[in-house]
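Just below is one structure, and these are the notes that go with it.
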Amino acid sequence: MPDAGAFLWDWFWKLRQAQPPGFSGPVPISNIELSVWCQLTGNIIRREELAILRAMDARLCIEIEKESEAIRAREATT
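Quick note, the sequence shown lines up with residues -4 to 73 if you use the numbering used here.
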């Protein structure tokens, strides 16, 4: 990501660290959580930034699920 977008990584990880784990995998960041986070921090998220944050979150959830499946597969063969 270009240096100009580094703040998005910062925002993303701050949003994710407040996210509780789900029973069957990661839970995507909800609109309510985003809204409350904006109110608490005073950050204003533009539409384009929101789309990027959503894409980052979706990709993270996909990758965590892939890793979880790989772990289950390894455990099933041992």
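Glycine included, C-beta positions come from ideal geometry on N, C-alpha and C.
Keep in mind that this is a model prediction, so the values were computed, not measured.
Cβ neighbour criterion (16 or more within 10 Å) applied to residue i
{"i": "Trp6", "result": "buried"}
{"i": "Leu48", "result": "buried"}
For residue i, the three-state DSSP class (helix, strand or coil)
{"i": "Gly20", "result": "strand"}
{"i": "Arg41", "result": "coil"}
{"i": "Gln12", "result": "helix"}
{"i": "Ser25", "result": "coil"}
8 Å Cβ cutoff met for residue i and residue j
{"i": "Trp44", "j": "Leu3", "result": "In the sequence as presented, Trp is not what sits at residue 44; that position holds Glu. In this structure, Leu3 lies closer than 8 Å to Glu44 by Cβ."}
{"i": "Ile39", "j": "Cys33", "result": "yes"}
Any C-beta of chain C under 8 Å from that of residue i
{"i": "Arg69", "result": "Of the protein chains in the structure, only one exists, and it is not chain C."}
Point to revise | Validate contact between the segment 14 to 21 and the segment 48 to 67 using beta carbons, cut 8 Å, 3 pairs | key: They touch, by the three-pair rule.
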